[in-house]
Amino acid sequence: MVRELSDPRKARSVFVETWGCQMNVLDGRRFVGLLGREGIVEARSAEEADVVLLNTCSVRDKAEQKVYDRIGRLAKLKRERPGMVIGVCGCVAQQEAEGLLARLPHVDFVLGTGRIEALPSVLRRVDEEGDRPCETGFDLDEVVYTPGAVAHAVPHRAGITVIEGCNKNCTFCVVPRTRGRERNRRLRDVVDEARSLVEAGVLEVELLGQTVNAFLDPETGEDLADLLRAVGALPGILRLRFVTSHPRNFSDRLIAAMCETPAVVTALHLPVQSGSDAVLKRMKRQYTRAEYLDLVARLRAAIPSLALSTDVIVGFPGETEADFVETLSLFEEVRFAGVFSFTYSPRPQTAALRWEHDVTSPEASARLVRLEALQQGVQRELNRELEGQTLEVLVEGLDRKRRNSSGRTRCGRVVNIAGESELAPGTLVDVRIERGFPNSLLGRRREEEEAEEGISLKGAADAASAARIPLSLDVQNLP
Ligand code: SF4
0 MVRELSDPRK
10 ARSVFVETWG
20 CQMNVLDGRR
30 FVGLLGREGI
40 VEARSAEEAD
50 VVLLNTCSVR
60 DKAEQKVYDR
70 IGRLAKLKRE
80 RPGMVIGVCG
90 CVAQQEAEGL
100 LARLPHVDFV
110 LGTGRIEALP
120 SVLRRVDEEG
130 DRPCETGFDL
140 DEVVYTPGAV
150 AHAVPHRAGI
160 TVIEGCNKNC
170 TFCVVPRTRG
180 RERNRRLRDV
190 VDEARSLVEA
200 GVLEVELLGQ
210 TVNAFLDPET
220 GEDLADLLRA
230 VGALPGILRL
240 RFVTSHPRNF
250 SDRLIAAMCE
260 TPAVVTALHL
270 PVQSGSDAVL
280 KRMKRQYTRA
290 EYLDLVARLR
300 AAIPSLALST
310 DVIVGFPGET
320 EADFVETLSL
330 FEEVRFAGVF
340 SFTYSPRPQT
350 AALRWEHDVT
360 SPEASARLVR
370 LEALQQGVQR
380 ELNRELEGQT
390 LEVLVEGLDR
400 KRRNSSGRTR
410 CGRVVNIAGE
420 SELAPGTLVD
430 VRIERGFPNS
440 LLGRRREEEE
450 AEEGISLKGA
460 ADAASAARIP
470 LSLDVQNLP
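Under numbering that gives the first Met the number 0, the first residue of the sequence shown is numbered 0, with each subsequent residue one higher.
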């Protein structure tokens, strides 16, 4: 059966709804870019789109359930507009594959994380053959990637995938199942992509991978340290970041490359997951508490202003109160600038799923509350220490609540810029920090402050001249 398309005079449109990590966000932009090449434009909402893609995350049960809820609501929309196409992509698609088509009759196709480039042909099969395709395999050796077909959401910032998949097999994590084993791109391909982005006006490049610091060029053996130096040397690049690093893969070569590449920002995400050796061992994290702390010390010795953030899981099977206290003490010691903290969520096809889930849900939640209270206090203190400093802020957009422009510092902090609502995303401004809150900073543009100081000084100069009062040197220096 050939599908009846909506009004043929109107350009067909796609809406991508994304859950989850930076890799998923980039994949979402790849979907828009690939379909853009087929003349399909991006819609502002699912309600007005001809094709709706749910770009799913399965790293936690809650995220997965949200996807099923969303599909239920879209089914209602589809009954009103039968020409609409619904595709499920991302990690839930990879994990559930054919099962999704069997369970959800209004889903038209399933596209796994290793088959992104097949999206246009899958959509043609739906349209022209009335097929319900399920594409979920992995190309074993390389990342199939069309750099020119990524519709980056903002003009000044772009992510680039450098490595896909993960070989680590942490016992709580579904990623090796949903993203497959590590596949690396070639360093020169990544550098070429970064160069064309920077030439097109991108100021900030983020290198992405589930274990980005495991990157190894499949032909030359060059690693992330080489890649940082090569991308950081591109003329015009202002900021370079990379995420997510595994502590086990963090070499001194990489620390040296971070120090010696001026574009590399002073923020690093370094998941710890637990502060207890017993729990780290059961998680199969491949490092001890002491090794993690040693790495933090080496990083801070090399880059004293480095702002570290982390991921942590509380209530992992077998985590005792004493284990949890070890986590609290690690947090007190490291003083992270930001944390993504979660209670343990059992995931399909993981080793920990088979273990007794012995930390009750109320106990896990209570531990999370204790950890978050500690962390909020640390963040408030760290952010207050920045009061009075002038920091370089790259504007990202408008803070919806306060209607101020907001952006990020090189150390990854969110800054709301008082009295500024019209700074274009991508503008670089110096901001003097007035207040530090647990999750953000509030400041004022230096330029604006100087202008105000100038006005008040000029006022003083005029008054002094009228009264023939001798002026201080500062006032006499006024133009
Ligand atoms: S390193 Fe561990 S937590 Fe990170 S993606 Fe790989 S298996 Fe998952």
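For every residue, glycine included, the Cβ atom is placed at its ideal position computed from N, Cα and C.
Computed from a predicted structure; not experimentally measured.
Query: Please report how far the alpha carbon of A224 lies from the alpha carbon of A363, in whole angstroms.; Result: 38 angstroms
Query: Under DSSP, the alpha helix (DSSP H) around N382 begins and ends at which residues?; Result: S360 to R383
Query: How about R383: is its C-beta nearer than 8 angstroms to some C-beta of chain D?; Result: Absent from the structure is chain D; it holds one protein chain and no more.
Query: If you measure from the CB of Q21, is any heavy atom of the ligand SF4 nearer than 7 angstroms?; Result: no
Query: Check the DSSP bridge columns for T160 and list the partner residues they point to.; Result: L207
Query: Counting along the chain, where does the alpha helix (DSSP H) carrying S328 start and finish?; Result: E320 to V333
Query: Applying the 10 Å Cβ sphere with the 16-neighbour rule, what's the burial state of N54?; Result: buried
Query: Once DSSP output is grouped into helix, strand and coil, what is the label at L53?; Result: strand
Query: Do L33 and P119 have their C-beta atoms within less than 8 angstroms of each other?; Result: yes
Query: With respect to 7 angstroms, is the separation between the Cβ of C133 and the closest non-hydrogen atom of the ligand SF4 below this value?; Result: no
Query: For A306, which residues does DSSP report across the bridge?; Result: A266
Query: Residues around the ligand SF4, please: the ones whose beta-carbon is closer than 6 angstroms to some heavy atom of it, in chain order.; Result: C165, K167, N168, C169, C172, V174, P175, Q209, T210 and H245
Query: Do you know offhand how far R131's Cα is from T160's?; Result: 29 angstroms
Query: Put C90 into one of helix, strand or coil per three-state DSSP.; Result: helix
Query: For S360 and K61, which I take to be in contact (beta-carbon distance under 8 angstroms), what is that distance rounded to the nearest angstrom?; Result: 12 angstroms between Cβ atoms; not a contact.
Query: In chain order, what residues of the same chain have a beta carbon less than 7 angstroms from the beta carbon of M282, not counting five sequence neighbours either side?; Result: C169, T170, F171, Q272, S273 and F315
Query: Out of R11, E380, S12 and R69, state which residue places its alpha-carbon closest to the alpha-carbon of W18.; Result: R69
Query: Taking the alpha-carbon positions, what's the A150 to E320 distance?; Result: 47 angstroms
Query: Beta-carbon within less than 7 angstroms of E391's beta-carbon, same chain only, minus the 5 sequence neighbours each way: which residues are those?; Result: T408, R409, L427 and D429
Query: Taking DSSP as the reference, what is the three-state secondary structure of G442?; Result: strand
Query: Would you grab the beta carbon distance between V278 and D322 for me? Rounded to a whole angstrom, and I think it's under 8 angstroms.; Result: 5 angstroms
Query: I'd like to know whether the C-beta atoms of S308 and H245 end up nearer to each other than 8 angstroms.; Result: no
Query: Could you compute how far the alpha carbon of G387 sits from the alpha carbon of R434?; Result: 8 angstroms
Query: Could you give the distance in angstroms between the alpha-carbon of P175 and the alpha-carbon of G164?; Result: 6 angstroms
Query: What three-state label does DSSP hand Q21 in the structure shown?; Result: helix
Query: Have a look at A266 and V87 and give me their C-alpha separation to the nearest angstrom.; Result: 34 angstroms
Query: What separation, rounded to the nearest whole angstrom, lies between the Cα atoms of V84 and D107?; Result: 6 angstroms
Query: Give a yes or no on contact between the stretch 243 to 261 and the stretch 288 to 308, applying the rule of three or more CB pairs nearer than 8 angstroms.; Result: yes
Query: Can you say whether N438 is buried or exposed, counting buried as having 16 or more other CB atoms within 10 angstroms of its CB?; Result: exposed
Query: Anyone know if the C-beta pair for Q94 and T177 falls short of 8 angstroms?; Result: yes
Query: Note the first and the last residue of the continuous alpha helix (DSSP H) segment covering V295.; Result: R288 to A301
Query: Give me, in chain order, the residues of the same chain whose beta-carbon lies closer than 6 angstroms to that of R11; leave out the 5 immediate sequence neighbours on both sides.; Result: I39 and D49
Query: Could you tell me which of G35, E259, G396 and R180 sits nearest to T145, measuring between CA atoms?; Result: G35
Query: Measure the C-alpha to C-alpha separation of V58 and A193 and round it to an integer number of angstroms.; Result: 29 angstroms
Query: My parser needs the beta strand (DSSP E) runs of 3 or more residues fully inside the stretch 174 to 253; what are they?; Result: 203 to 207 and 238 to 242
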